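J.:
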Amino acid sequence: MDISKGFPGMQGGLHIWISENRKMVPVPEGAYGNFFEEHCYVILHVPQSPKATQGASSDLHYWVGKQAGAEAQGAAEAFQQRLHDELGGQTVLHREAQGHESDCFCSYFRPGIIYRKGGLASDLKHVETNLFNIQRLLHIKGRKHVSATEVELSWNSFNKGDIFLLDLGKMMIQWNGPKTNISEKARGLALTYSLRDRERGGRAQIGVVDDEAKAPDLMQIMEAVLGCRVGSLRAATPSKDINQLQKANVRLYHVYEKGKDLVVLELATPPLTQDLLQEEDFYILDQGGFKIYVWQGRMSSLQERKAAFSRAVGFIQAKGYPTYTNVEVVNDGAESAAFKQLFRTWSEKRSRNQKLGGRDKSIHVKLDVGKLHTQPKLAAQLRMVDDGSGKVEVWCIQDLHRQPVDPKRHGQLCAGNCYLVLYTYQRLGRVQYILYLWQGHQATADEIEALNSNAEELDVMYGGVLVQEHVTMGSEPPHFLAIFQGQLVIFQERAGHHGKGQSASTTRLFQVQGTDSHNTRTMEVPARASSLNSSDIFLLVTASVCYLWFGKGCNGDQREMARVVVTVISRKNEEMVLEGQEPPHFWEALGGRAPYPSNKRLPEEVPSFQPRLFECSSHMGCLVLAEVVFFSQEDLDKYDIMLLDTWQEIFLWLGEAASEWKEAVAWGQEYLKTHPAGRSPATPIVLVKQGHEPPTFIGWFFTWDPYKWTSHPSHKEVVDGSPAAASTISEITAEVNNFRLSRWPGNGRAGAMALQALKGSQDSSENDLVRSPKSGGSRTSSSVSSTSATINGGLRREQLMHQAVEDLPEGVDPARREFYLSDSDFQDIFGKSKEEFYSMATWRQRQEKKQLGFF
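Here it is as structure tokens:
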């Protein structure tokens, strides 16, 4: 392909080329996600818009099939380099190997990747739609990132731990291994639907074998094709998932030339800091052999940049890592989100002033509750669902039970205790709740366990709708501080009855930090001079007086908040003291003078990390994460537990059918503990349940549909064939397509008669029985006449367009109503043939159907 002519440039979306006869040929969009094992591919992803970007400007991948030869690899590698030169330095380069693709690569192809056997002749299409003369077996693996590989059409290919799809053209039978979980089954079914829609125009029937004993008809079909099964199935193959502990083993190497030798010098281990990377140099970052990053400074030589992949491959060989190890090449200033989060801190140098300006601007609007309710993105950035003016209830955990705290003492917490703070507010006319689980530094393990169990009890009382946020003393989020309007005071003691603080020493010292009601906390510190800090205000409470000590670095806003807090701590005579003008009694109360920090505190820099979304699971007791790059609401599946890392908070989204929800908080804690950047274990962890997402969570998604999950059938409903699933799947029975099993060979061989019956032809569609979604599949005259109408000329367009489900003609599948148009009407309305339409990506089909009134 001539890059100067027809190069996609800044066109957003996905572009794919395949190696063929030493050239790179564009792949049709309808074939995206299909990869031939004897070829190499180059994949370019350009984000649709800057707002949707969760990484660098673009990503360029070089994919190698496991049977690809040297010529194909050379052509693809050279083409990738030419594309990269044309795109410039704002592109991240990736090397991918079949079966070991990166999370970024897998995120492009939903619901999964299909590996196809053999090569690709120049006159053969990637995917031939409406081809019913087919017989193949696909081995489906994966949870969030699913792949399907063509395997031998035999029972020998099966095992107990995976999913297999027997594709027979007009029928597709998904067989679920007995050791597969509900999430894997649902993902497999999504891929099966996708194959049916893309390759059969939505006209193949689908059956699911979840329990062989309960699906005798489907098993009889499978045995007619595969033969009788002899012996038991193979055990499930061990998972090759890389756990978080392995990914945390990060090492940074400086790579440079010394004479004619290439030197690779280990430079640092975690926690890594951004200043280790010098713009004139070249570095390799080894993430435990799981992935190799190459960082190229903007002042590094052209020769070094062109040798990036070869140096990475040499490093992999020297370390003895597998040849399929992922490689990612990033340029100075265009680093991916995954690379940045391997460092303790990261700032965008060229836009720092702009970011600080933007932050100051947002402070002026954060008290506008209306904007926080209607603009989730603003709520997410500020971490505020409202201004904290809602209803507040507080309980203190004592004797392992929750005791209500007097409203007069709300905001007065003790470091030796745990508290539950229930906040009730309204958003867009709907009552919503946040339950804060506050943990003091001196609380015991039993009290922390009681805190969690009491939170679960409250959640049950409120019907499971509570958003639960785990908060550690000293790391309270802005909204928690706003609830108490700047009057949060933490005492270094244990609470007595009903949360009232017990008596302590006569002299007490409190540090006040904050400038308004949304960022101010006051914490008791040891009553000695070394606790002072020139940037803050301190309250020194003695037997006779309360000193307000103003450090030289404090400002008017801090002084104003200190005057509010002092009324909570002490009602004794107040005496204002400026730093450097302290009376003798002040120092006597602190036990004498002592050095303390006197330099002005620099403003805390807001980290510029991008949010990242992961699917959570466990393997042999260790946390395993699969990242979803360029994520959207579509990636939240009800069988999943998803982790959204915004750096300042960890959200754990619990799907309504997730089976391991009790592990969620522990997984969040393990994620922080094993993070290569050395994250603070006090980072707030927020539990969010499907259907009850707060704006602070929703705002991290590009778009959000609050009604998305209201009417989707479950996997069990689909398998059981319940009414809820009738519109989405046609269950195969003993009379599938009017083919009687009695005609099939009974000796278990995949006989010619069985194969011929399954193949059929499009011309024989008139004899096919369409299972009616309304009648549950009964052979009614209306369903047959509907099918005949489709074949003989189609239904009238006004019967199908802009019609409610209950108003559709009997026998019409609501999900595929456009299929019932005549060919001429279809061409007139959609501007293309049915074959062209069903060869498009599924999301494009949905988009056109919505626009034209067929959804």
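In terms of our numbering, the sequence shown is residues 1140 to 1994.
No residue lacks a Cβ here, since even glycine has one placed at the ideal position from N, Cα and C.
This one's a predicted model, so the numbers in the text were calculated from it and none came from an experiment.
#1: Once the 5 residues before and after Glu1714 are set aside, which same chain residues still bring their CB inside 6 Å of it?
#2: Smallest Cα separation from Glu1975: which of Gln1150, Val1707, Asp1336?
#3: Using C-beta distances below 6 Å, list every residue in its chain close to Val1996, excluding the 5 sequence neighbours before and after it, in chain order.
#4: Given Gln1220, which residues of its chain have a CB within under 8 Å of its CB, disregarding the five upstream and five downstream residues?
#5: Does DSSP put Pro1543 in a helix, in a strand, or in coil?
#6: Taking three-plus beta-carbon pairs below 8 Å as touching, is the segment 1519-1538 in contact with the segment 1823-1839?
#7: Out of Trp1839, Phe1482, Ala1821, which one is the CA nearest neighbour of Lys1516?
#8: What are the boundary residues of the beta strand (DSSP E) that Ser1757 is part of?
#9: Just to confirm before moving on: does the CB-CB distance between Val1680 and Arg1647 stay below 7 Å?
#10: Can you give the Cα-Cα distance for Asp1844 and Gln1772, rounded to whole angstroms?
#11: Going by DSSP, what residue range makes up the beta strand (DSSP E) through Asn1712?
#12: Considering only DSSP beta bridges, list what Trp1314 is partnered with.
#13: How should Cys1755 be labelled, buried or exposed, when 16 other C-beta atoms within 10 angstroms of its C-beta is the threshold for buried?
#14: Using the Cβ count rule (16 or more neighbours within 10 Å means buried), how would you classify Trp1726?
#15: Judging by CA-CA distance, which residue of Ser1709, Gly1731, Arg1698 is the nearest neighbour of Val1716?
#16: Is the beta carbon of Val1707 less than 7 Å from the beta carbon of Val1628?
#17: Name, in chain order, the residues that DSSP records as bridge partners for Ala1287.
#18: In its own chain, which residues sit with a C-beta less than 7 Å from the C-beta of Gly1970, not counting the 5 before and 5 after it?
#19: For the candidate residues Arg1390, Ala1518, His1184, Leu1304, whose alpha-carbon lies nearest to that of Trp1294?
#20: Since I believe Ile1431 is in contact with Leu1357 (beta carbons under 8 Å), could you give me their beta-carbon distance rounded to a whole number of angstroms?
#21: With contact counted as at least three CB pairs below 8 Å, one residue from each stretch, are the segment 1575-1595 and the segment 1547-1564 in contact?
#22: State the DSSP-derived secondary structure class of Ile2049, mapped to helix, strand or coil.
#23: Could you give the C-beta distance for His1233 and Glu1467, rounded to a whole number, given that I count them as a contact under 8 Å?
#24: What separation, rounded to the nearest whole angstrom, lies between the Cα atoms of Ile1587 and Pro1167?
#25: What is the rounded straight-line gap between the Cα of Gln1966 and the Cα of Ile1573?
#26: Looking at C-beta atoms only, is the number of pairs between the segment 1239-1259 and the segment 1734-1741 that lie closer than 8 Å three or more?
#27: Does Asn1160 pass the burial test, meaning 16 or more other C-beta atoms within 10 Å, or should it be called exposed?
#28: In terms of DSSP beta bridges, what is Asn1405 paired with?
#29: Counting pairs of beta carbons, one from the segment 1415-1428 and one from the segment 1388-1396, are three or more of them closer than 8 Å?
#30: Within 10 Å of its beta-carbon, does Lys1547 have 16 or more other beta-carbons around it, so buried, or fewer, so exposed?
#31: Which word fits Pro1616, buried or exposed, when buried means at least 16 other C-beta atoms lie within 10 angstroms of its C-beta?
#32: Measuring alpha carbon to alpha carbon, tell me which of Leu1590, Val1533, Ser1528 ends up nearest His1540.
#33: What is the rounded straight-line gap between the Cα of Ile1360 and the Cα of Tyr1332?
#34: Could you check whether Glu1419 and Gly1436 sit closer than 7 Å to each other, using their CB atoms as the reference points?
#35: DSSP has Met1523 in a bridge; who is on the other side?
#36: One question on the structure: do Val1285 and Gly1251 come within less than 7 Å of each other, judged by their Cβ atoms?
T.: Considering the structure as presented:
#1: Around Glu1714: Val1684, Tyr1686.
#2: The residue with the shortest Cα to Cα distance from Glu1975 is Asp1336.
#3: Within the shown structure, residues of the chain are numbered from 1140 to 1994, placing residue 1996 beyond reach of any answer.
#4: Answer for Gln1220: Lys1445, listed in chain order.
#5: In the structure shown, Pro1543 sits in a strand (DSSP, three-state: E or B).
#6: Contact holds: three or more Cβ-Cβ distances are below 8 Å.
#7: Of the candidates Trp1839, Phe1482, Ala1821, the residue whose Cα lies closest to the Cα of Lys1516 is Trp1839.
#8: Per DSSP, Ser1757 is one residue of the beta strand (DSSP E) stretching across 1751-1758.
#9: Contact: yes.
#10: Answer to the nearest angstrom: the Cα atoms are 8 Å apart.
#11: From DSSP, the beta strand (DSSP E) with Asn1712 extends over 1712-1717.
#12: DSSP lists Phe1303, Val1348 as partners of Trp1314.
#13: Note on Cys1755: 16 or more other CB atoms within 10 angstroms of its CB, so buried under the neighbour-count rule.
#14: With fewer than 16 neighbouring CB atoms inside 10 Å of its own CB, Trp1726 falls in the exposed class.
#15: The shortest Cα separation from Val1716 among Ser1709, Gly1731, Arg1698 belongs to Arg1698.
#16: Contact: yes.
#17: Beta-bridge pairing links Ala1287 to Ile1253, Ile1279.
#18: For Gly1970, where only same-chain residues beyond five positions count, there are no Cβ hits under 7 Å.
#19: The shortest C-alpha separation from Trp1294 is found at Leu1304.
#20: Taking 8 Å as the upper bound for CB-CB distance, Leu1357 and Ile1431 are not in contact here, some 45 Å apart.
#21: They touch, by the three-pair rule.
#22: There is simply no residue 2049 to check, as the chain begins at 1140 and stops at 1994 in what is shown.
#23: Confirmed, Cβ separation roughly 5 Å.
#24: Counting only the Cα atoms, Pro1167 lies some 57 Å from Ile1587.
#25: Going from the Cα of Gln1966 to the Cα of Ile1573 covers about 52 Å.
#26: In the pairwise beta carbon analysis, the segment 1239-1259 is classified as not touching the segment 1734-1741: fewer than three pairs are separated by under 8 Å.
#27: Asn1160 is exposed by the Cβ-count criterion.
#28: As written in the sequence, residue 1405 is Glu, which differs from the Asn given in the question. Beta-bridge pairing links Glu1405 to Tyr1392.
#29: Yes, the segment 1415-1428 is in contact with the segment 1388-1396.
#30: Lys1547 comes out exposed.
#31: Buried is the call here.
#32: For the residues Leu1590, Val1533, Ser1528, the minimum Cα distance to His1540 belongs to Leu1590.
#33: Taking the straight line from one Cα to the other gives about 20 Å.
#34: Yes, the pair counts as a contact, with Cβ atoms nearer than the cut-off.
#35: Note: Met1523 sits in no beta bridge, so no partner.
#36: A distance below 7 Å separates the beta carbons of Val1285 and Gly1251.
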